[in-house]
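Novice: First, the structure itself, so that you have it in front of you.
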């Protein structure tokens, strides 16, 4: 009877424990996830730099979010929650940007993240967006982090050193008199 009870206890314990191979299969694979992240991240970032909002929009998850915490003291912050809010920010808030070019220093595709580090060479119309205002051009260090899940961007984070832009804006203002 003791042998039967011990066998029954072991069988119950074995059923209660998760199977190692099943747990291993359910865990995302770094290499595979990185490979899936790369084309989505590259397409999204290319559309972002080109300001091709029609190409960028289908790559966004409905609940995606955008943040540029480094813009807080320059532009009052830049944030949006949800695809619709992000597209409004990009289409309207970025309308004064007349040019954006990115010179990459490093690009990483690590698991769910696509990371772009480099220099952003850009120009911003400080007027009413008509192209007739004061154009400020600058080159600044720039990093974009994208989190990608199920083939869509769920988080977009920008980090920039706005000091070169602020210096160029002051110089343009002083030159205008």
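Numbering (mature numbering (1 follows the signal peptide of the UniProt record, and there is no 0)), first residue to last: -23 to -1, 1 to 154. Think of the CB as a built atom: it goes at the ideal place given N, C-alpha and C, for glycine as much as any other residue.
#1: Are at least three pairs of beta-carbons, each pair with one atom in the region 137 to 151 and one in the region 47 to 56, less than 8 Å apart?
#2: Buried or exposed: residue 41, going by 16 or more other Cβ atoms within 10 Å of its Cβ?
#3: Whole angstroms is fine: what's the gap from residue 104's alpha carbon to residue 127's?
#4: Quick check: what's the CA-CA separation for residue 119 versus residue 59?
#5: Residues in its own chain within less than 8 Å of residue 153 by CB, not counting five upstream and five downstream?
#6: Near residue 63, what residues of its chain come up, given a Cβ to Cβ distance below 8 Å and the 5 sequence neighbours on each side ignored?
#7: Using only the alpha-carbon positions, how far apart do residue 25 and residue 4 sit?
#8: Which residue from 85, 78 and 39 puts its Cα closest to that of residue 8?
Specialist: Reading it off the structure:
#1: yes
#2: buried
#3: 40 Å
#4: 23 Å
#5: 111
#6: 37, 41, 42, 43, 57 and 133
#7: 31 Å
#8: 85
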